[in-house]
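Enquirer:
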Amino acid sequence: SSPHLRSYEDRAQKHNNPAARALLYLMAKKKTNLSVSVDVTRKKDFLAIIDAVGPYVCLIKTHIDILEDYDPSIIEDLQALSNEHEFLIFEDRKFADIGNTVALQYSSGVYKIASWAHITNAHAVPGPSIIAGLASVGLPLERGLILLAEMSSKGALATGAYTEDAVRMARARRDFVVGFIAQHRMETIGARDTDSVGDEDFLILSPGVGLDAKGDAMGQQYRTPAEVVTDCGCDVIIVGRGIIGTGRDIDVGEVQRQAQRYQVAGWEAYERRLSR
Ligand code: BMP
């Protein structure tokens, strides 16, 4: 049956990618399908938010390049929090170049993403070579890759045939590609042209989740955890401003309350989906 009708626990036991297995295992253990997107520019806020939301999340999503006071010690602090609170780390890097270039961007430079991010993501636009390039670095480190099959923003071009081709690319590399950034499940896509669909288990990670706002002034579009998880069968809800707020000053107590609220909403939506 489609992965979204099975429990996270059952899926954890059967998944063959170590990063996906660890994520599904943590989701079941901590009863959370929440990923918080920590989109802040100061190290102090970044670490305070992660410490506050850590107990409620399975995955922390980073944009490491927006930190203004980045230094390598941030990664050590992030890893310590990841061990303490038990969450995985997803660097939302959205690689989009030829294989040779992305292998260098993933392994090297200032951030050395592959050395600390359990999961990262890539656009499908360069074709299969982008997966080959990233896999050459990530597979030996037991990492997982997410492909962007759809986007949450208004007017996104990743639709129709593009989305279908992204799914085909992922199916050809199920050792490394563990899921999609998408708004729906992808199993029904192109199901006729492969017989591997039956046992495939792609995680659907969905950004554009909010309980209060419907969107922002720059084309973001929000759906509720119930719409995303119960109705559309997605596995992980990614929440940024719904939890961390939109102001410059961070209220850590409020951030923690919101994280708990989204954890509960996401988990209830998952339990409802399984009981349907
Ligand atoms: P927010 O919940 O504050 O709108 O943040 C959403 C996060 O998810 C941002 O970090 C953004 O880069 C990311 N994202 C998105 O919003 N839509 C997509 O389709 C893909 C994303 O990675």
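Residue numbers for the sequence shown follow my numbering, beginning at 364 and rising by one. Where a beta carbon is used, it is the ideal one built from N, C-alpha and C, also for glycine. Predicted model only: the values in this text are computed from it and were never measured.
(1) Out of curiosity, what's the CA-to-CA distance linking Phe-458 and Gln-468?
(2) Would you tell me roughly how many angstroms separate the C-alpha atoms of Lys-577 and Ser-398, rounded to the nearest one?
(3) Within a Cβ cutoff of 6 Å, which residues of the same chain sit near Ala-487, ignoring the five residues on either side of it in sequence?
(4) Take Cys-595 as the anchor and find which of Gly-496, Arg-586, Asn-446 has the nearest alpha-carbon.
(5) Using the three-state DSSP reduction, which class does Ala-713 fall into: helix, strand or coil?
(6) Please classify Pro-588 as buried or exposed, where buried requires at least 16 other C-beta atoms within 10 Å of its C-beta.
(7) Between Pro-381 and the ligand BMP, is the CB less than 8 Å from at least one heavy atom?
(8) When DSSP labels each residue in this structure, what does Ser-569 get in the three-state scheme?
(9) Relative to the C-alpha of Leu-387, which residue among Val-500, Val-420, Tyr-433, Asp-408 is closest?
(10) Please report the straight-line C-alpha distance between Ile-423 and Ile-552, rounded to a whole angstrom.
(11) According to the Cβ coordinates, are Ala-498 and Phe-539 closer than 9 Å?
(12) Rounded to the nearest angstrom, how far is the Cβ of Gly-571 from that of Gln-584, given a contact under 8 Å?
(13) With DSSP as the reference, label Asn-484 as helix, strand or coil.
(14) Return the CA-CA distance between Gly-542 and Leu-368, expressed in angstroms with no decimal places.
(15) Return the bridge partner residues of Leu-451 from the DSSP annotation.
(16) Might you give, ordered along the chain, the residues of its own chain that have their beta carbon closer than 6 Å to the beta carbon of Glu-372, omitting 5 neighbours on each side?
(17) Would the stretch 424 to 432 and the stretch 625 to 633 be scored as touching if the rule is three or more Cβ pairs under 8 Å?
(18) Would you give the residue range spanned by the beta strand (DSSP E) that Gly-542 belongs to?
(19) Short of 8 Å in beta carbon distance, which residues of its chain neighbour Asp-402, apart from the five on each side in sequence? Order them along the chain.
(20) Verify whether the separation of the beta carbon atoms of Thr-411 and Ile-613 is less than 9 Å.
(21) Classify Ala-622 as buried or exposed, calling it buried when 16 or more other Cβ atoms lie within 10 Å of its own Cβ.
(22) In this structure, what does DSSP give as the bridge partners for Leu-510?
(23) Pull the bridge partners of Gln-584 from the DSSP assignment, please.
(24) Helix, strand or coil: which one does DSSP assign to Arg-640?
(25) For the alpha helix (DSSP H) containing Leu-497, list its first residue and its last residue.
(26) Secondary structure at Ile-437, three-state DSSP: helix, strand or coil?
(27) To which residues of the same chain is Tyr-633 closer than 6 Å at the C-beta, ignoring the five residues directly before and after it?
(28) Say yes only if the C-beta of Pro-418 is nearer than 8 Å to one or more non-hydrogen atoms of the ligand BMP, and no if none qualify.
Expert: On the basis of the supplied data:
(1) The count along the sequence shown starts at 1 and reaches residue 458 at position 95. The count along the sequence shown starts at 1 and reaches residue 468 at position 105. Taking the Cα positions, Phe-458 is about 8 Å away from Gln-468.
(2) Walking along the sequence shown from the start, residue 577 turns up at place 214. Walking along the sequence shown from the start, residue 398 turns up at place 35. Rounded to whole angstroms, Lys-577 to Ser-398 spans 19 Å at the Cα level.
(3) Along the sequence shown, one-based indexing puts residue 487 at 124. So the list reads Leu-510, Ala-529, Met-532, once near-sequence residues are dropped.
(4) Residue numbering aside, residue 595 sits at position 232 when the sequence shown is read from its first letter. Nearest to Cys-595 by C-alpha distance, out of Gly-496, Arg-586, Asn-446, is Arg-586.
(5) No answer is possible for residue 713: the residues shown for the chain start at 364 and end at 639.
(6) One-based indexing of the sequence shown puts residue 588 at position 225. Buried: at least 16 other Cβ atoms inside 10 Å.
(7) Numbered from 1 along the sequence shown, position 18 holds the residue referred to as residue 381. Relative to the ligand BMP, Pro-381 has its C-beta separated by 8 Å or more from all heavy atoms.
(8) In the sequence shown, counting from the first residue as 1, residue 569 sits at position 206. Residue state for Ser-569 is assigned as strand, using DSSP reduced to three classes.
(9) As a working note, residue 387 is residue 24 in the sequence shown. Of the candidates Val-500, Val-420, Tyr-433, Asp-408, the residue whose Cα lies closest to the Cα of Leu-387 is Val-420.
(10) As a working mapping, residue 423 is identified with position 60 in the sequence shown. As a working mapping, residue 552 is identified with position 189 in the sequence shown. So the two alpha carbons sit approximately 29 Å from each other.
(11) Walking along the sequence shown from the start, residue 498 turns up at place 135. Walking along the sequence shown from the start, residue 539 turns up at place 176. Taking a C-beta distance under 9 Å as the contact criterion, Ala-498 and Phe-539 qualify as a contact pair.
(12) Taking the sequence shown and counting its residues from 1, the one referred to as residue 571 is at position 208. Taking the sequence shown and counting its residues from 1, the one referred to as residue 584 is at position 221. Contact annotation, Gly-571 with Gln-584: C-beta distance approximately 5 Å; criterion of less than 8 Å satisfied.
(13) By one-based count along the sequence shown, residue 484 stands at place 121. Residue state, collapsed to three classes: strand.
(14) Sequence index remark: in the sequence shown, residue 542 carries index 179 (1-based). Sequence index remark: in the sequence shown, residue 368 carries index 5 (1-based). Between Gly-542 and Leu-368, the alpha-carbon positions lie close to 16 Å from each other.
(15) Position 88 of the sequence shown, counting from 1, holds the residue named residue 451. In the DSSP output, where bridge partners are listed per residue, Leu-451 has Leu-422.
(16) Along the sequence shown, read from residue 1 onward, the residue named residue 372 stands at position 9. So the qualifying residues of the chain are Ala-391.
(17) Touching, no, given that fewer than three Cβ pairs across the two stretches are closer than 8 Å.
(18) Walking along the sequence shown from the start, residue 542 turns up at place 179. Judged by DSSP secondary structure, Gly-542 falls within the beta strand (DSSP E) whose first and last residues are 540 to 544.
(19) Translated into positions along the sequence shown, residue 402 becomes position 39. Excluding residues within five positions, the ones whose Cβ falls inside 8 Å are His-426, Ile-429, Gly-603, Arg-604, Ile-607.
(20) In the sequence shown, counting from the first residue as 1, residue 411 sits at position 48. In the sequence shown, counting from the first residue as 1, residue 613 sits at position 250. In the sequence as displayed, the identity of residue 411 is Ala instead of Thr. Contact flag set, yes.
(21) In the sequence shown, counting from the first residue as 1, residue 622 sits at position 259. By the Cβ-count criterion, Ala-622 is buried, with 16 or more other Cβ atoms from all chains shown falling within 10 Å of its own Cβ.
(22) Sequence index remark: in the sequence shown, residue 510 carries index 147 (1-based). Answer by DSSP bridge pairing, in chain order: Ala-485, Phe-543.
(23) Locating residue 584 in the sequence shown gives position 221, where the first residue counts as 1. Answer is Gly-578, bridged to Gln-584.
(24) Nothing about residue 640 can be read from this structure; the chain reaches only from 364 to 639.
(25) Walking along the sequence shown from the start, residue 497 turns up at place 134. Segment 492 to 501, the alpha helix (DSSP H) holding Leu-497.
(26) If you number the sequence shown from 1, residue 437 lands on position 74. Ile-437: helix per DSSP, three-state reduction.
(27) Translated into the one-based positions of the sequence shown, residue 633 becomes position 270. Counting only Cβ-Cβ distances below 6 Å, and skipping sequence neighbours, we find Asn-396, Val-592.
(28) Against the sequence shown, residue 418 aligns to sequence position 55. The ligand BMP has no heavy atom closer than 8 Å to the beta-carbon of Pro-418.
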